[in-house]
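Asks: Our numbering applies: residue -18 is where the sequence shown begins, and numbers increase by one. Don't be surprised by glycine CBs; every beta carbon is placed ideally from N, CA and C. A quick note: this is a predicted structure, and the numbers were derived from the prediction, not measured.
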Amino acid sequence: YFQLALTIGGIFTLPIALSLLWGFITPAVSKKMALVGHVSVAASTLLFWGGVIFAWIYLFPFSLNMMLDTFLPSGVMAQTALEKYYSFLFMIVIGSGLTFQLPMVVVVLGAIRIAPVAFHARVWKGVVVGVFIFAAFVTPPDPFSMFALVCPLLVLYSIAVGIVWFIEKARKEARQEQEIASYQ
-18 YFQLALTIGG
-8 IFTLPIALSL
2 LWGFITPAVS
12 KKMALVGHVS
22 VAASTLLFWG
32 GVIFAWIYLF
42 PFSLNMMLDT
52 FLPSGVMAQT
62 ALEKYYSFLF
72 MIVIGSGLTF
82 QLPMVVVVLG
92 AIRIAPVAFH
102 ARVWKGVVVG
112 VFIFAAFVTP
122 PDPFSMFALV
132 CPLLVLYSIA
142 VGIVWFIEKA
152 RKEARQEQEI
162 ASYQ
C-alpha cells in the first residue's frame, strides 16, 4: 500500500511541483519566456493527464481483457496478487502519461531550432519505429494493446510537427517584416 500511495501522490503532485518550480524561476526571465514557460507547464500537464486518462479508461481495461482472454484457457479463473495488479496498472497508466509527453518534446526541440520540420520530414520513419518499440515496453505483449497506444501517439506526433511548422512560419514572417522595415 505504501508504493500505491507514493505512486498516486507522485502523479497528483508532479504538475503542481512543476508549476511551483516555474513560478520560482519566472522572476529571473523575460516576460515572453515566462509566458512560454507557463504555457509549457500547462501543456505538459494536460498531455500527461490525457495519457493517464486514456490509459485508465481505454488502454488498461483493453490490455487486461486481452491478456486474460488470450493467455488463459477457457474455464480457468485468473487469480493474481493485488500488488501485481497495481504494478501492471501503474506501469500502463504512468507509462502512457509519460509517453504522451512526446509532442511536448517535439515542439520544444522545434522551437529552439534543434529539430525543425525538415528534420522530422527526414526521420519520421525512425520515429514511427521508435514509438512502436517504446509502446512494446509499456504495454503487455499483445499487438492490439501496442497499437492502441501507438495510434494516438502518432496522431499527437503529427500535431506537434504541425505546431513546429506554424512556429517556423511565424518566425519567417516576423523576419521578413523586420527586413522590410529595415529597408524603409
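(1) With a Cβ-Cβ cutoff of 8 Å, do residue 73 and residue 41 count as a contact?
(2) Quick check on residue 86: buried or exposed, where buried means 16 or more other Cβ atoms within 10 Å of its Cβ?
(3) Please specify which runs of the beta strand (DSSP E), each continuous and at least 3 residues long, are wholly inside the region 42 to 74, giving them in chain order.
(4) Restricting to Cα atoms, I'd like to know which of 36, -10, 10 is closest to residue 129.
(5) Using only CA atoms, which one of 30, 0, 103 lies nearest to residue 77?
(6) I'd like to know whether the C-beta atoms of residue -1 and residue 20 end up nearer to each other than 8 Å.
(7) When you compare the CB positions of residue 84 and residue 140, do they come within less than 8 Å of one another, or not?
(8) Are residue 115 and residue 80 close, meaning C-beta to C-beta below 8 Å?
(9) How about residue 126 and residue 43: are their beta carbons less than 8 Å apart?
(10) Taking C-alpha atoms, which residue in 82, 103, -12 lies nearest to residue 136?
(11) With DSSP as the reference, label residue 94 as helix, strand or coil.
(12) Cβ atoms of residue 98 and residue 131: under 8 Å apart, would you say?
Replies: Taking the structure as given:
(1) yes
(2) Residue 86 comes out exposed.
(3) none
(4) 36
(5) 30
(6) No, these two residues do not count as a Cβ contact at 8 Å.
(7) yes
(8) yes
(9) In this structure, residue 43 lies closer than 8 Å to residue 126 by Cβ.
(10) 82
(11) coil
(12) no
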